[in-house]
Each structure stands twice: as C-alpha cells, then as structure tokens.
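Peer 1: FYI, in this note's numbering the residues of the sequence shown are 192 to 418.
Just so it is clear, CB atoms sit at the ideal spot from N, CA and C, and this is done for glycine as well.
It should be emphasised that the depicted structure is a prediction, and the values quoted were computed from it without experimental measurement.
Okay, handing you the structure first.
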Amino acid sequence: MSYRAVLWDLDGTLTNTLDSLVYSTNETLKEMKLPQISEEQSDPQKLIRFIGPPLAYSFATFYQMQEPMVSFAVEKYRECYGTVGWKENRLYPGITDCLKALKAAGYQIAMATAKPEFYAKKIVAFFELMPYFDVVIGSSMEHSDASKAYLMQRAMQQLHIPETQKEQVVMIGDRKFDAEGAAACGLPFIGVHYGYAPVGELESYPSVYLADTVLDLKTFLLEHAAS
C-alpha cells in the first residue's frame, strides 16, 4: 500500500512533552492541594498518563474529580501551560528532517491532536515547522474532550481527501487513543515506540508499522509514498 497523506499526533510523536507536562500538572495539583508527581517516583506511568487523552478525562479518571473541579483543573492547567509549559516542549531528534523529506516526496501533512489548536499552532510555529504542514487541527478550548476520530475527520476534510481515498491516509501516533481514532475512521495506523505508550499497548491494536525511531518512521513512509 502507498500513502499520499500523513496525520500526526503531537505529544509523544512530534515533541517530547514530559517537562511541560510535569510543570503544568504539578502547578495544577499544588493549587488544588493534591500530591504532586515527581520524575523520580517509582511508577513512571503516573507521569505520562496525561499524554494522549483529553485533560478533562485525565483529571476525572486519575484523580476521581467531578464537576466543577474537573473544569477548574483544566482551566488551571491551561493557564500554567499557556504561560510557561508550552515552551518546555522538545522536538524528537530527526523530526524536522523527516517532515522535510515527506514534503519533498509529495506527501500532504496534517496534525490531529487533542491539544487545543491554539497551542498546537504555537508549538508548530515555535519550532519553525509550519512550512511543512498543510493543516493543523486540535481541539477547541471549550471542547477538550473532542475525540481523536473527530479531529482526524476534520483534518481529512481540510486536506480535501475523499472518503474513497482514505486508505491512502495514515495516522501516526504513540498511544492507544491514536490507534482507536484511526480504526474508527477506517485509517491505517503507524505507532511510534519512542513515545509514551506503556509496554505492549501499541501491539494490542492493528497497525501497518511500528517505528522504534524517527529514522525508522521516515524510511518506511518514503518507501510507501504514492508516486
């Protein structure tokens, strides 16, 4: 199978967001007088479980919050993220070269992230990646629970890809939420092992490829570029 378009997740796929996550989450938990997370704690999944699902889901699920505390936590997190946290992102090595090569090979490139679109675009611009993206799709500030499938569908609409050609669009992500969204949309899925999925998570979902590194990912996509 050959592909003509790629949809990228952001956190854990394009950028390493661990530092921004720790800062923004800890500031939120401190405000709410809850125990903070630490990079040195024995259970690393407590650090990364916020990466992938919508914020409202994470606070409700992992801290047993109910409304209106969920909304307060989301608001506080975004306040911290908007002032300092978003700048703590780091590109994974090789991402810029990968995007440049895919663009040169004729790929359409889009982002489909649960992160608010406002911040997604700021991050893409901050790393000077905007020339490589045709579309950047994220959630709205008011709808932080937007499903990955919905975001992917929006991205394909803006790329003007008809339903009959969706098998030529591949979703790239590091978590089960990306795999589930791709399956719901009927899209092929590529999982990246360098992101934040727990061991074995990506193997539990259908995929056309599992990449250990950005270089592996670039090589596979260039080999399967539509002529």
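Just mark residue 219 as buried or exposed, buried being the case when its beta carbon has 16 or more other beta carbons within 10 Å.
Peer 2: buried
Peer 1: Ordered along the chain, which non-local residues of its own chain (more than five positions away) have a Cβ less than 6 Å from that of residue 329?
Peer 2: Taken in chain order, the residues that qualify are 304, 306, 307, 308, 311.
Peer 1: Residue 408 and residue 390: beta carbons closer than 8 Å?
Peer 2: no
Peer 1: Using the rule of at least 16 other Cβ atoms within 10 Å of the residue's Cβ for burial, across every protein chain shown, is residue 316 buried or exposed?
Peer 2: exposed
Peer 1: What is the DSSP secondary structure of residue 227, counted as helix, strand or coil?
Peer 2: coil
Peer 1: In this structure, what does DSSP give as the bridge partners for residue 299?
Peer 2: 196
Peer 1: Below 7 Å CB to CB, which residues in the same chain sit around residue 290 once its five sequence neighbours on both sides are set aside?
Peer 2: 300, 320, 323
Peer 1: Just to confirm my understanding: we take residue 418, look at its own chain, exclude 5 residues before and 5 after, and list those with CB closer than 8 Å. What are they?
Peer 2: 193
Peer 1: If contact is defined by three or more beta carbon pairs under 8 Å, each pair taking one atom from either stretch, is the segment 256–269 in contact with the segment 281–295?
Peer 2: no
Peer 1: Around the C-beta of residue 353, are 16 or more other C-beta atoms found within 10 angstroms, so that it is buried, or is it exposed?
Peer 2: Its Cβ having fewer than 16 others within 10 Å, residue 353 is exposed.
Peer 1: What residue does the alpha helix (DSSP H) around residue 386 start on, and which one ends it?
Peer 2: Run containing residue 386: none; DSSP gives neither H nor E here.
Peer 1: Where does residue 297 land, buried or exposed, given buried means 16+ other C-beta within 10 angstroms?
Peer 2: exposed
Peer 1: If residue 250 sits next to residue 240, beta carbons under 8 Å apart, how far is it from one beta carbon to the other, in whole angstroms?
Peer 2: Contact doesn't hold; Cβ gap of about 11 Å is too wide.
Peer 1: Suppose you measure from the CA of residue 231 to the CA of residue 216; what does that come to, to the nearest Å?
Peer 2: In this prediction, residue 231 scores a pLDDT of 48, lower than 50, which makes its location untrustworthy; the coordinate-derived value is nonetheless stated afterwards. Distance from the CA of residue 231 to the CA of residue 216, rounded to the nearest whole angstrom, comes to 15 Å.
Peer 1: Checking 8 Å against the spacing of the C-beta atoms, do residue 187 and residue 393 come in under that value?
Peer 2: Here the chain has residues from 192 to 418 only, and residue 187 is not among them.
Peer 1: Looking at residue 365 and residue 200, is the spacing between their C-beta atoms short of 8 Å?
Peer 2: yes
Peer 1: Would you check if the distance between the CB atom of residue 399 and the CB atom of residue 361 is smaller than 8 Å?
Peer 2: With respect to the 8 Å criterion, residue 399 and residue 361 are classified as neighbours on the basis of their beta carbons.
Peer 1: Under a Cβ-count criterion, where at least 16 other Cβ atoms within 10 Å of its own Cβ denotes burial, should residue 327 be classed as buried or exposed?
Peer 2: buried
Peer 1: Roughly how many whole angstroms lie between the Cα atoms of residue 340 and residue 372?
Peer 2: 4 Å
Peer 1: Give the straight-line distance between the Cα atoms of residue 208 and residue 356, rounded to the nearest whole angstrom.
Peer 2: 33 Å
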